[in-house]
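All remarks here apply to the structure that follows.
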Amino acid sequence: MTTSLELNHIGKVYQTRTGEVQALSHVHLSIAPRSFVSIVGPSGCGKSTVMRIIAGLEQPSTGSIKKNGANLENHRDDMAVVFQKDVLLAWRSVLDNVLFPIEIKHGKKQKKATVDKAMQLLKSVGLAGFEQKYPHELSGGMKQRVAICRALIQDPQLLLMDEPFGALDALTREQMMYDLLRLSDTYQFTTVFITHSIEEAVFLSDKVVVMSGRPGSIVKEIPSTLSRPRNGDTRKEPEFTGQVSTIRSIFQTQGILAEA
Amino acid sequence: MTTSLELNHIGKVYQTRTGEVQALSHVHLSIAPRSFVSIVGPSGCGKSTVMRIIAGLEQPSTGSIKKNGANLENHRDDMAVVFQKDVLLAWRSVLDNVLFPIEIKHGKKQKKATVDKAMQLLKSVGLAGFEQKYPHELSGGMKQRVAICRALIQDPQLLLMDEPFGALDALTREQMMYDLLRLSDTYQFTTVFITHSIEEAVFLSDKVVVMSGRPGSIVKEIPSTLSRPRNGDTRKEPEFTGQVSTIRSIFQTQGILAEA
Amino acid sequence: FLGLLAGCGNEGGSSLANPTVNADTGEIGEPEVEDITLRLNWRFKGEFAPFYVAQEKGFFEEYGLNVDVLEGNGSTSVMQTVAQGQDDLGITSTVEPAQGVEEGMPITMIATYMNSSPIMIASHPDAPVETPTDLEGKSIAMAIASTFTNIFPRFLEEENVNASEVEAVQVEASARNGLFLGKEVDAVAIFSTNELPVFEKELGYELTSLYLSEYQFDLAGLTVIGNNQFLNDNPNTAARFLAAMDEAFRYTLEHIDEAVAISAERFPDAVDEEIVREQLTLLEEIAQFDSVPFGWIAEENIAETLTILEGSGLISDKQEAEAYFTNEFFQLD
Amino acid sequence: MQSKTETTWMKQAKPKSVKRIQVPHSLWAGFTLIGFFLVWQLATMLLAIPQYLLPSPISIFTRVLSESQLLLSHALTTLAEVGLGFALSLSIGIPLAIAIVYSRYLANALYPILIAIQCIPMVSIAPILVIWFGYGLTTKILLACLISFFPIVINAVTGFRSLDKDMHDLGRSIGISEWKNFFYLRLPNALPHLFGGIKVGVTLAVVGAVVGEFVASERGLGYLQLTANARLDTPLVFATLFTLALIGMLLFGAVQLLERWIMPWYSANKAGSER
Amino acid sequence: MQSKTETTWMKQAKPKSVKRIQVPHSLWAGFTLIGFFLVWQLATMLLAIPQYLLPSPISIFTRVLSESQLLLSHALTTLAEVGLGFALSLSIGIPLAIAIVYSRYLANALYPILIAIQCIPMVSIAPILVIWFGYGLTTKILLACLISFFPIVINAVTGFRSLDKDMHDLGRSIGISEWKNFFYLRLPNALPHLFGGIKVGVTLAVVGAVVGEFVASERGLGYLQLTANARLDTPLVFATLFTLALIGMLLFGAVQLLERWIMPWYSANKAGSER
Ligand SMILES: Nc1ncnc2c1ncn2[C@@H]1O[C@H](COP(=O)(O)OP(=O)(O)OP(=O)(O)O)[C@@H](O)[C@H]1O
Ligand SMILES: Nc1ncnc2c1ncn2[C@@H]1O[C@H](COP(=O)(O)OP(=O)(O)OP(=O)(O)O)[C@@H](O)[C@H]1O
Ligand SMILES: [Mg+2]
Ligand SMILES: [Mg+2]
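This is how it looks when you write it as structure tokens:
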């Protein structure tokens with residue numbers, strides 16, 4: 007069984023030297039099992055904060071979070087996170103970085119048994135031949151891909167991704183979107199996906215959550231009417247462009263778009 | 007006078023523990039004074055390496071680089087860089103991070119005199135009110151914007167930007183594109199701009215340079231036929247969509263685009 | 005280890021059990037224990053040679069003892085380990101046990117092999133200090149916080165020396181030596197049995213000496229102390245030890261060359277034969293025991309020590325001399 | 004600073020208890036110390052450990068109180084030596100570390116000498132210093148300096164070398180001299196290492212000054228200890244040691260306060276676990 | 004490692020001279036040391052410094068050579084004490100540092116005691132240890148341990164606390180115990196700090212062992228020095244000190260090699276400037 011999540015009117019206040027910062031206010035959201043939910047919103051609106059709260063890395067200041075109906079305060083076992091900043095371990099090779107969660111959770115033996123899978127994953131993101139390199143020998147996008155592999159190798163029930171494709175070129179990005187869809191289809195995990203690309207969000211998701219600027223809150227939830235599986239043709243469906251422009255217009259009504 | 011740059015058949019080989027990596031081979035490129043040049047290409051193709059070589063942070067293994075006709079081996083005074091990874095100083099407030107280059111180049115007094123300009127810049131990227139925060143109190147996109155401010159405050163003759171808008175949402179990104187165009191128009195600096203967004207590249211540039219995968223080399227240079235100034239209507243010009251699809255097709259012929 | 009720290013009984017010397025002696029043969033009764041330890045108060049120096057001679061020439065064995073002679077680190081620490089029972093017997097000067105007994109340490113002096121003090125003031129012959137008044141206008145180096153340093157003000161006072169005209173330099177021992185040898189100071193307080201021959205050898209000329217013992221400042225050195233409990237339980241062993249040492253001293257002073265050779269063999273890394281020979285010669289001068297066994301403690305000697313210490317403020321609560329020492333373990337012929 | 008809660012994994016399980024735990028932290032530590040002294044007191048009483056071996060805490064404390072005037076005046080002497088010696092140590096050690104960082108040649112030439120100085124006990128060096136520099140203040144200052152500057156140099160070198168390449172590149176891209184690069188990047192970046200070295204160094208400086216007093220002095224806690232020792236006044240010896248320890252804690256605490264004051268940004272960026 | 008050239012800003016100006024400078028680095032250092040000894044030799048000769056104050060390097064070296072057998076055998080004794088003491092120090096210091104990192108309470112309770120031990124000169128502690136633990140090996144091992152473990156603890160604590168929040172979050176997101184988090188993240192991340200502490204600690208351990216030998220021993224370089232001193236055999240004293248310095252350099256060098264071997268990734272990520 008995979009994970010259903012329930013965020014109940016979550017608020018988050020950061021204490022800083024120069025006063026409090028209200029990052030989130032009344033974020034209310036439910037994430038169905040096996041669904042793919044994307045979060046879009048202006049930079050600094052609190053997307054990462056929502057994700058960190060779901061991941062249990064941050065405590066909400068107000069409100070609560072329920073998993074499969076039960077109050078969730080502690081770590082989630084069956085979860086994997088791709089952070090906004092690729093946190094690779096400088097002292098481990100690419101392969102060892104990918105295998106890090108396995109080694110740490112299941113020991114050296116299981117790590118050995120998982121090497122093939124890791125190689126496979128690395129190959130699928132275009133990093134074949136880079137297994138023995140160290141992080142500092144990689145380009146920015148390569149590091150991001152390693153971080154994605156590190157999350158996927160855990161076979162999570164809940165996958166949290168914070169702008170995972172930000173540093174990737176259009177082609178690689180598209181390739182990885184397809185891969186991600188295939189995997190979530192195969193393993194039926196729940197995905198929370200933060201992105202700045204409205205197209206990406208619409209293309210991938212069962213539900214797109216649009217957040218407003220500080221203090222972050224949810225302005226609109228847009229369930230997808232697009233058919234599955236998604237493929238090259240999905241982009242050509244009128245619903246696709248329709249949803250994209252809906253979201254764009256929500257943004258436009260909120261934001262200020264000034265021209266020189 | 008601003009900068010004209012000439013890259014002569016530059017090659018770059020990285021020495022690693024596990025052998026040599028040929029990152030660039032025969033990169034030949036000239037950048038006209040006051041022009042805006044974008045570099046696009048698959049992740050890991052050597053875009054950052056090219057930029058680091060232009061910046062003088064890396065020595066080319068073969069080939070040479072000329073500035074205004076003279077051989078260029080050392081630092082470039084009139085240059086500012088936005089790195090792929092926002093390297094903010096953890097021990098300085100946002101404002102002090104932005105003013106860092108001024109303080110370090112021209113002393114405390116000049117720093118004081120530049121505070122207003124820095125505040126202005128921060129405001130223009132939507133960070134008003136965050137001047138006294140520390141980097142760890144910012145979101146990913148906010149950090150990136152601080153790094154951009156830090157580059158712009160230097161009034162460079164040559165601005166090098168490595169995926170500067172990667173962590174920004176569509177709206178902020180568009181806003182910043184307009185700001186950048188306005189600035190480069192006002193101050194007439196030369197810009198080298200690395201991006202993964204083909205639209206962005208076409209929209210901004212006088213010339214788009216398309217690079218191929220490892221070892222990186224230039225496949226095509228596409229001079230822009232779009233009129234200036236660029237604005238909301240530019241995207242609707244047929245040349246715009248034409249160039250975008252040209253580049254996309256170049257990518258497609260190189261890359262492998264598999265669907266689930 | 006806290007248990008180790010618990011002290012033993014705290015009784016004065018006079019109440020110790022006496023050794024049993026066969027009235028006919030004069031032979032001391034069977035030793036209660038045979039294996040005992042003797043803790044010296046420093047690394048090897050010439051005056052310790054008799055203890056090693058006793059080992060090597062079999063004097064201990066002759067008395068049925070097996071004595072482990074161990075090097076140590078200063079009288080205070082020797083006293084503490086003896087008081088605590090880690091070591092059975094120890095070597096100190098007379099000063100520290102006098103203080104220790106006052107502090108309640110369960111120890112007693114049972115022998116002292118120098119009945120005259122080796123403490124002296126040496127000076128370069130070109131600026132000689134022959135009498136205490138010669139010190140006026142001169143500088144003298146002394147080991148910091150040493151016995152000499154503590155009694156020095158009283159010494160000056162007793163000898164009517166104007167203390168304000170004497171520059172007393174308190175430094176650590178090797179710095180003291182350096183200062184004197186480099187003539188940074190005029191005089192130095194040392195032991196005749198230890199540093200004097202070393203200095204003279206180094207400088208190549210004889211130094212002017214002033215012995216404190218000649219001015220009623222006779223603080224004897226090379227004193228054997230014992231743990232009270234040990235002495236009380238093993239009087240025969242203690243008596244046998246002293247008897248063996250009597251012979252060993254006699255033998256050593258009669259066969260200085262052999263004693264030097266024995267020392268050199270035992271401590272190849274630490275012994276300069278010439279210096280040891282000289283040290284033993286000087287020891288002979290201040291170890292005068294006529295008609296009594298070597299080590300016999302003269303009561304007036306102890307009393308004098310106590311007076312000096314009291315006068316110098318080193319002890320405040322002087323007890324009867326018998327509280328500090330005993331001659332009970334000597335066998336008079 | 005107040006975002007503490009976020010860093011602690013363990014605390015998250017019971018976020019309500021955070022407040023309760025916070026207050027008595029230092030109190031508990033105090034209790035532990037008191038407990039320690041209590042055990043010591045009981046041990047000396049029950050096992051009848053004689054005073055000359057190990058005085059009871061009460062006798063030490065009463066001695067500290069009754070002799071507080073004496074201890075304070077000697078402590079001030081020692082403190083002055085420590086202060087001067089440590090200042091000297093910093094003003095030699097940091098430039099030396101900079102020299103070592105920037106010159107492999109100097110690193111190779113200086114390290115052997117530094118290590119030699121470090122490996123030779125101060126008690127061996129002290130007499131030589133007395134002969135060269137006299138038995139005055141200089142010798143003690145030099146000893147405090149000599150003993151404390153190795154940890155400062157080593158930690159400073161490690162710290163200065165720990166600058167991330169990215170940051171160094173940033174400095175280079177701005178086009179500043181390596182000199183400014185040092186002050187604006189290397190130095191702030193090295194602060195955690197530096198403070199580690201300073202904490203070790205300042206306590207060692209106390210040792211150096213005291214050893215100096217052992218060797219040549221007429222004042223100071225080292226001298227007091229020696230004379231007390233010569234008198235077999237063990238409680239006073241321990242009272243002196245206690246005062247020394249107090250000085251050390253004061254200096255250490257001062258450094259720690261300074262550290263928090265200079266690096267307020269630091270703890271917020273680090274997962275200091277239980278803090 | 005071979006990408007050295009990229010890190011150095013200054014080198015870039017004249018990339019051709021890199022090769023020329025590279026080779027003689029350590030040679031130059033050697034020359035400097037030789038120069039140092041030359042000056043010393045000349046000073047003793049020209050200023051006619053008497054041997055008992057400062058022997059000439061030549062007389063020291065000839066003594067080192069002629070007594071090499073003796074020095075070696077005593078050095079081995081000392082080395083054994085250092086080794087055991089330092090091993091003990093590590094095996095107490097690191098767990099203690101972990102305890103301090105994870106418990107503010109322990110930090111508060113332990114730091115005062117640690118600082119107290121650190122501030123009291125070993126020469127003062129040594130006699131007490133002799134009383135408790137006797138004149139044997141234990142005392143010397145304990146001294147080597149006591150003197151060296153403060154820098155280890157302090158540096159380890161600083162190091163363990165220096166884990167980036169991001170990395171800690173990564174560990175937490177994987178859902179591992181803080182225990183594994185420690186071994187897989189905190190520990191490797193703290194290595195540069197740890198090695199800084201170990202370098203200071205190991206040289207201090209030499210001092211501790213020698214001080215122990217001053218107080219209680221019949222072998223070892225400290226003993227040798229003491230007896231040589233008593234005979235005013237100053238060249239032998241200096242020969243002993245020289246051997247001590249040599250031991251220190253050996254140990255320090257070994258630690259540095261170990262560091263390079265364990266942290267090959269480190270220097271590549273850091274702008275170590277001239278290296
Ligand atoms: N540790 C912190 N301390 C104080 N304020 C914080 C902290 N982390 C985030 N914030 C603030 O909370 C708000 C939301 O931050 P968050 O990182 O969640 O934004 P985001 O939506 O992920 O933005 P981006 O798209 O730029 O990554 C911001 O205003 C930020 O300044
Ligand atoms: N320091 C280094 N050591 C070894 N190899 C390196 C180093 N830096 C980059 N490389 C290699 O050089 C190639 C180009 O890297 P570069 O960072 O220039 O790519 P990029 O085009 O910027 O990619 P991205 O879009 O992912 O940032 C990659 O294959 C990378 O592995
Ligand atoms: Mg974010
Ligand atoms: Mg890049």
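Protein chains in written order, with our numbering: chain A, 7 to 266; chain B, 7 to 266; chain C, 5 to 337; chain D, 4 to 278; chain E, 4 to 278.
Where is the CB? At the ideal position from N, CA and C, for every residue including glycine.
Check	Outcome
Identity of the residues DSSP links to Asp175 of chain B by a beta bridge	Answer by DSSP bridge pairing: none, since Asp175 of chain B is not bridged.
Closer than 8 Å to chain B by CB, Gly311 of chain D	What is shown of chain D runs 4 to 278, which leaves residue 311 of chain D out entirely.
Ala271 of chain D classed as buried or exposed, judged by whether at least 16 other C-beta atoms fall within 10 angstroms	buried
Proximity below 8 Å, CB of Arg222 of chain D to CB of His77 of chain D	yes
Contact the stretch 167-177 of chain E vs the stretch 203-219 of chain D: 3+ CB pairs below 8 Å	no
Contact check, Leu35 of chain B vs Thr55 of chain B, beta carbons under 8 Å	no
CA nearest to the CA of Tyr333 of chain C, picked from C:Asp237, C:Ala263, C:Glu289 and C:Leu313	First, the amino acid is wrong: residue 333 of chain C is Phe here, not Tyr. Selected option, being the one with the closest Cα: C:Asp237.
Proximal residues of chain A, C-beta to C-beta of Tyr20 of chain B below 8 Å	Glu143
Cross-strand partners of Pro122 of chain C (DSSP beta bridge)	Pro122 of chain C is not bridged to any residue.
Integer Cβ distance of Gly289 of chain D from Gln121 of chain E, believed to fall under 8 Å	Nothing about residue 289 of chain D can be read from this structure; chain D reaches only from 4 to 278.
Below-8 Å beta-carbon distance, Val42 of chain B vs any chain A residue	Correcting the residue identity first, residue 42 of chain B is Phe in this sequence and not Val. So no, Phe42 of chain B is outside the interface.
Short-range partners of chain B found in the stretch 48-73 of chain A, where Cβ spacing is below 7 Å	Pro48, Ser49, Gly50 and Ser54
Proximal residues of chain D, C-beta to C-beta of Phe217 of chain E below 8 Å	Pro124 and Val126
Any chain A beta carbon closer than 8 Å to Arg175 of chain E	yes
Supposed close pair Val216 of chain B, Val46 of chain B - CB separation, criterion 8 Å	6 Å
Alpha-carbon to alpha-carbon, Thr68 of chain B and Glu12 of chain B	14 Å
Proximity test, Cβ basis, 8 Å: Gln54 of chain D and chain C	yes
Residue of A:Pro221, A:Gln160, A:Val152 and A:Val214 minimising C-alpha distance to Ser203 of chain A	A:Val214
Beta-carbon proximity of Val218 of chain D to Pro130 of chain D, cut-off 8 Å	yes
Inter-stretch contact at 8 Å, needing at least 3 Cβ pairs: the stretch 78-93 of chain C / the stretch 40-56 of chain C	yes
Tyr20 of chain B: CB within 7 Å of a non-hydrogen atom of ligand 2	yes
6 Å CB neighbourhood of Thr243 of chain D in its chain, flanking five on each side removed	Leu224, Leu227 and Gln228
Buried versus exposed call for Asn70 of chain C [16 or more other C-beta atoms within 10 Å across all chains shown]	exposed
Any non-hydrogen atom of ligand 1 within 7 Å of Arg220 of chain A CB	yes
Per DSSP, cross-strand counterpart(s) of Pro229 of chain B	B:Lys213
Chain E contact residues for Asp273 of chain C, given Cβ-Cβ distances below 7 Å	Leu73, Leu227 and Thr230
Endpoints, beta strand (DSSP E) assigned at Ile12 of chain A	The amino acid at residue 12 of chain A is misidentified as Ile; the sequence shows Glu. Per DSSP, Glu12 of chain A belongs to the beta strand (DSSP E) from Leu11 to Thr22.
Between the CA atoms of Lys149 of chain A and Asp168 of chain B - distance to the nearest angstrom	15 Å
Test: Lys118 of chain A CB closer than 8 Å to a CB of chain E	no
Ala29 of chain B CB to nearest heavy atom of ligand 2 below 7 Å	yes
Within chain A, the residues that His202 of chain B reaches when beta carbons sit closer than 7 Å	Leu174, Asp175 and Ala176
Assigned exposure category for Asn26 of chain C - 16 Cβ within 10 Å defines buried	exposed
Segment contact flag, the stretch 310-325 of chain C with the stretch 249-269 of chain C, C-beta cutoff 8 Å, min 3 pairs	no
Nearest residue (CA-CA) to Gly139 of chain D, options C:Glu161, C:Leu310, C:Ala179 and C:Met113	C:Ala179
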